[in-house]
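Everything on this sheet refers to the single structure shown next.
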Amino acid sequence: MRIVFAKGLLNALISMLGASLIIFIMSRLSGDPLSLLLPMDAPQSAVQAMRHELGLDRPMWDQYLIFLWKAVQGDFGRSYRWQMPAIELVFERLPATIYLAMAAFAFSLALAIPLGVLSAVRRGSWIDQIARIIAMLGQAVPSFWVGLLLILVFAVNLQWLPAFGADGVQHVILPAIALGWYPVAAQTRVIRSGMLEVLDSDYIRMGRAVGTPERLLIWKYALRNALLPLVTIMGVYFAYMLSGSFVVETVFAWPGLGRTVVEAVFARDYPVVQAGVLITSILFVLSNFLVDLSYSIIDPRIRL
C-alpha cells in the first residue's frame, strides 16, 4: 500500500509540475499585459519601469523558476486588475465554483441512476432508446450550447428561472443542468452496462427462483453491485465539473473561479490566470490520485 501511495504521489507531483509549465507558457501567449495596464501614449521610460516592476524584463526561464518557487510558498503575486493577492481572489471565488460543481454532480446522479437502471431492465424498449439518445446528445452537444438553449427556453420564453446571478437556489438550477449534462451521458452508460452484467448473474437468477420481488432484486441487490464501477470514477466526474465550469460560469455570469479566470485572460492578468488554473489543476490531479487509490483498495490486483 505504501508503494502504491508513493507511486501515486510521484505521478501527481509530475502532473502538477507539467501543468504549472503549460499554464505559465499559455498565460504568456495571451499577450503583453502592459498594453492594457498603461495608456497607449505612455512614455517608454514608464513602460520599462513597470515591466521591471512586474519582473517581465527577465528571461522566460527565470520568470518560470521565480513563479514556481513562489507558488510552492503560496505566493502567486498581486492581480493587475483586482489589485489584491491572486491566491486570495482565487479562494474567494472557489466556493461558488465548488457549489455549482456539487449541484451539477447531484443533478447528473439523480438523472443517470434511474435512467441507467430502467434502460438495462427494459432493454430494447422506448425507455432504453430514450436513454441512448440522451447519452449520445450528452457527448455530442457542448455545455455552452446547452446553457444557451436553457436560457432561451426557461429564462427568456417561459420565464421560470433566472438566466444569471447567484442570489438563491433558483439561480443554480440552469447552470447545474448545463454543467452536468455531459456526465449524465457517461454515468448512464456505466450504470446500464453494470446493471446488464449484474442482472445476468447467478445470484439474481437464484433470487427470482425463490420468489424475491423483482423490485427488491433490481433496486437493492443489483443496483448496489452495479454502482461499484461508478463509485470508483466519481472523483473524475467531479473534477471534470470543477475544471469544466469555465465556460458555463461565463455563459450564466456565475461569480465563480472559472468566470474570474476567463476575465483575467482577457485582461492579461498573469497572476490570477496562473493561480486559478493551477489550483483547478491541483484539484483535478488530487481527485485522480484519490480515484487511483480507491482502485487499489477495492481491487488489490490493480496497481498504479
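In short: position in the sequence shown from 1, add 30, done, that's the working numbering. Where is the CB? At the ideal position from N, CA and C, for every residue including glycine.
Outcome for residue i when other beta-carbon atoms lying within 10 angstroms are tallied against a minimum of 16
i	result
residue 339	As displayed, the chain neither begins before 31 nor continues past 334, which places residue 339 out of reach and without an answer.
residue 225	buried
residue 233	exposed
residue 155	exposed
residue 298	buried
residue 296	exposed
residue 271	buried
residue 239	exposed
residue 213	buried
residue 82	exposed
residue 121	exposed
residue 217	buried
residue 215	buried
residue 147	buried
residue 241	exposed
residue 126	buried
residue 153	exposed
residue 244	exposed
residue 139	buried
residue 59	exposed
residue 124	buried
Separation of residue j from residue i, as counted between CA atoms
i	j	result
residue 183	residue 84	46 Å
residue 268	residue 75	49 Å
residue 265	residue 92	36 Å
residue 253	residue 144	10 Å
residue 320	residue 106	26 Å
residue 293	residue 219	36 Å
residue 88	residue 43	27 Å
residue 174	residue 168	12 Å
residue 176	residue 161	17 Å
residue 180	residue 237	44 Å
residue 227	residue 307	40 Å
residue 159	residue 277	30 Å
residue 261	residue 135	13 Å
residue 302	residue 114	10 Å
residue 229	residue 211	27 Å
residue 66	residue 51	24 Å
residue 281	residue 171	15 Å
residue 41	residue 99	20 Å
residue 178	residue 279	12 Å
6 Å CB neighbourhood of residue i in its chain, flanking five on each side removed
i	result
residue 334	Below a pLDDT of 50, predicted positions are generally treated as unreliable, and residue 334, at 48, falls in that range; no measurement from the model is reported.
residue 300	57
residue 90	none
residue 165	215, 218 and 219
residue 141	214
residue 112	119
Residue i and residue j closer than 7 Å at C-beta
i	j	result
residue 196	residue 284	yes
residue 109	residue 101	no
residue 137	residue 206	yes
residue 191	residue 204	yes
residue 317	residue 130	no
residue 150	residue 222	yes
residue 77	residue 86	no
residue 133	residue 186	no
residue 263	residue 46	no
Chain-order list of residues whose beta-carbon lies under 7 Å from that of residue i (same chain, five-residue window excluded)
i	result
residue 273	310 and 314
residue 54	94, 97 and 304
Beta carbon proximity, residue i to chain C, threshold 7 Å
i	result
residue 323	Absence of chain C from the displayed structure is noted, only one protein chain being present.
Spatial neighbours of residue i in its chain, beta-carbon cut-off 8 Å, leaving aside the 5 residues before and after
i	result
residue 247	234, 237 and 238
message: Taking contact to mean 3 or more Cβ pairs, one atom from each stretch, closer than 8 Å, check whether the region 288-303 and the region 255-269 are in contact.
response: no
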